[in-house]
Structure formats: C-alpha cells, structure tokens
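One point on numbering: in numbering that gives the first Met the number 0, the residue at position 53 of the sequence shown is 52, and numbering is uninterrupted. Beta carbons are placed, not taken as given, at the ideal position from N, Cα and C, and that holds for glycine. Nothing here was measured: the structure is a model prediction, and the numbers come from that model. Presented below is the structure to which this report refers.
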Amino acid sequence: MNVSKVLRDPSLPEEKKSTRAAYGATLAKLADEGLPIVAVDADLSASTTTAKFAASKPEYADRLFNVGIAEQNMIDVAAGLAVGGKIAFTGSFAVFGTGRAYDQIRNTVCYSKLNVKIAPTHAGISVGPDGGSHQMIEDIALMSALPNMRVLVPADYASCKSAIELAAKTPGPVYIRMGRADVPCVYADDAKLEMGKAYVLREGSDVTIVACGIEIKEALEAAEALASEGIEAEVIDAFCIKPLDVDTIVASVRKTGCVVCAEEHSVIGGLGSNVACALAQLHPAPVEFVGVKDTFGKSGALSELMEYFGLDSKAIYNVALTAMEKRDLVELDNRRF
C-alpha cells in the first residue's frame, strides 16, 4: 500500500499569505519555463492576481484575455485557446467561475477533455463581509461530480504554487480552489505535491482528522488541544479531493477507528461526502463532519464566521470527541455479539 506521509516542519515561518497570491506569479514562472500559458479573466484580474502574470514581462501582456463580466464566455474563450494548443487558466471568483459558468465547464471543457484549468479565487466563507451571495460553498461538489475533472484544494501559499504547476503539467481539466484569506505556512516553499495524493501532517492513533484548505490550520490546532488531553489525532491534508487518496485515508482509519472530515464547504457533496463514500465501500467506520450545514453564508469577519458555522479548531476538537465516542460504542456492540 502506497501511503503518503509528509510530517509538518514546526520550524516553518509564521508568515501568512493567501493562496490566491500564488496565482499570477506562478503562471509567470511557468511561462518563463516555456509552457504555453494563457489566462482568461472576467474583469477581476487584480483580485485574482492574473494581472501580475500579464505585468511580469511585456510579452506576457498579450497572454491575458479580459472578457469583462462574462464568465460563460470566459470558459468558452479558454476552451478555444486550449483547442489551439494553449494551457488555459481561468480567473474570476469561485461563485461566478464555477456556478455561473457550470454549463460551459461541463459541456465544453469536461465533455471534450480540454486542457482548461478552472482556477477561481475567493472560495468559501473566507470571502467574509461579501456575504452569502459571494461565499461559494458548493464548488467542490459541482466540480467533483464532473467526469474528467480533477479537484485540488491547497492549504497554503506553497501548496497552491505546487497545485498550479501540477495543473499546468496535467493534461485535461483541473479545478484549483483558492481563497482570499491569509493563511499560515504548512509546507516548505519548494514543496512538490502530487495528483491523487493526501499528506499526513501529524501522526496519531486515536482519531483521524481529514481536512483541506483553510481547515488544515484549524485541524492542526485541534490536534494540539486534543494532545493536551492525551488524545493523539492524525491530521491528513486531502490536497487532492478528486482523485481521492483512498489508500492514505483508509490506512489511517484502520488504525484510529474513526474520522472527522473538516472543510470550508457545504457538508453535502464535498470532502466529507467523498471520504464517507470511500469508507462505506472499503472500511466502514464512524464519520463526523465539520462544514457548513446546508445553508448559505453570512456577512462577517472570518473569525466570526468560523465560529458561527462551527468550522474552527474548537468545533473540530468537540466533533473528534464525538467520533471517538461513537467508535467506542460500535466496538462495545461488536463485543456483545
């Protein structure tokens, strides 16, 4: 069994960066390497940072296509560029770049396996004050359900750089979920992550916590709090949600007997749903969910929203205790019969 394991280096700097900050700069780096990179944006190139790609060299200015507030057209233009041999990355905010353009992603990009990378920013509730209309918490579900689509959710700046490079060098459609909020370092700056892999950031034997995106920070903090109570949590970064690294997750749950899935996304159709489906088929075990409970977002500061929606480290801590209680009850029932 091939089990991915990357234990987090506690000496990493405390500097925080958003995942979106990696976007334009990494596109420029890939273009410098000779890849036929182009970017198509829907009037948000400053926010998505694709403008940094265009400004990095004079000759790259013609590689950014701003189609205006027309996300469906953005996908179609990217598709045409991909047919012409380009590696086309799209911008916009996640609520527009996936929701408004879903038909074009499905029927133009995925159906034909075109080399288009759907890479919006401002996903999840971390958009904060912009409120429920702009807080996209269904995008992982939408993109995961599409045939031929791969789904990457980087946890920090370094893993986002790696995700963009990986997408550029992987033929066909790839979704990269980027956020607005500044997040702490998880990986070394030169980290090279792989398609179809999850990464063990902290080893433990009592409960498995599988998380992605900004929930990695919360999961690691929850694991520290659990450790103070003598409970060792294994924390796994599900960097790649599709294809899911089932081997790494099942190996962990075989050891701990229970799992918590934590995501800044709806509990319906995202990471938790995919993990639960895999375990139901391969190793049934108690599964608990930390995520947005079938509701729209709200306007507020990120810290307020994390607490309100039960996404912070305290919530993960409490849900981990529940998962272990359910595991113990299952084990007791099995001994009775």
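At what residues does the beta strand (DSSP E) containing residue i begin and finish?
i, result
"THR89", "86 to 89"
"VAL289", "286 to 291"
Taking its Cβ as the centre, do 16 or more other Cβ atoms sit within 10 Å of residue i, making it buried, or is it exposed?
i, result
"ILE117", "buried"
"ALA162", "buried"
"THR294", "exposed"
"GLY23", "buried"
"SER312", "buried"
"ILE36", "buried"
"SER265", "buried"
"ARG105", "buried"
"GLU330", "exposed"
"PRO153", "buried"
"PRO172", "buried"
"GLY67", "exposed"
"GLY229", "exposed"
"CYS351", "One cannot answer for residue 351 here, as it falls past the ends of the chain, which runs 0 to 336."
"ASN1", "A caution first: ASN1 carries a pLDDT of 43, below 50, which makes its placement in the model unreliable, though a value can still be read off. Exposed."
"GLN134", "buried"
"LYS344", "Here the chain has residues from 0 to 336 only, and residue 344 is not among them."
"GLY84", "exposed"
Report back the beta-carbon spacing between residue i and residue j to the nearest angstrom; my notes put them in contact at under 8 angstroms.
i, j, result
"VAL82", "VAL39", "That pair is no contact at about 13 angstroms."
"ALA237", "CYS211", "5 angstroms"
"PHE92", "PRO119", "6 angstroms"
"ALA78", "LEU113", "5 angstroms"
"ASP155", "PRO183", "7 angstroms"
"LEU301", "ALA180", "6 angstroms"
"ILE208", "ALA319", "7 angstroms"
"LYS254", "PRO285", "Between PRO285 and LYS254 the Cβ distance is about 14 angstroms, and since that is not below 8 angstroms, they are no contact."
"GLU233", "GLU202", "6 angstroms"
So, helix, strand or coil for residue i, using DSSP?
i, result
"MET135", "strand"
"LEU63", "strand"
"CYS184", "coil"
"TYR198", "strand"
"SER44", "helix"
"VAL5", "coil"
"SER111", "coil"
"GLU58", "helix"
"LYS325", "helix"
"GLU220", "helix"
"GLU231", "coil"
"LEU141", "helix"
"THR255", "helix"
"SER272", "helix"
"GLY98", "helix"
"ALA69", "coil"
"ILE315", "helix"
"MET0", "Low confidence applies to MET0: its pLDDT is 36, below 50, so where it sits in the model is not reliable enough to give any reading."
"VAL266", "coil"
"GLY79", "helix"
"THR294", "coil"
"ASP332", "helix"
From the DSSP secondary-structure annotation, give me the bridge partner or partners of residue i.
i, result
"ALA261", "ALA210, VAL289"
"LEU151", "ILE175, CYS239"
"THR120", "PHE92"
"SER302", "Partner(s): none; SER302 has no beta bridge."
"LYS15", "PRO183"
"ILE36", "ILE86"
Check for me: the alpha helix (DSSP H) holding residue i runs from which residue to which?
i, result
"VAL126", "Here VAL126 belongs to no alpha helix (DSSP H), and DSSP marks it neither H nor E."
"SER55", "49 to 55"
"LYS160", "156 to 167"
"ASP31", "22 to 31"
"ALA190", "Element bounds for ALA190: n/a, residue is neither H nor E."
"LEU310", "Run containing LEU310: none; DSSP gives neither H nor E here."
For residue i, would you say it is in contact with chain B, using Cβ-to-Cβ distances shorter than 8 angstroms as the test?
i, result
"ALA24", "Within the model displayed, chain B is absent; a lone protein chain is all it includes."
For the ligand HEM, I want to know if residue i counts as a neighbour, meaning its beta carbon is within less than 7 angstroms of at least one of the ligand's heavy atoms.
i, result
"LEU310", "As far as ligands go, the structure on display features none, and thus does not contain the ligand HEM."
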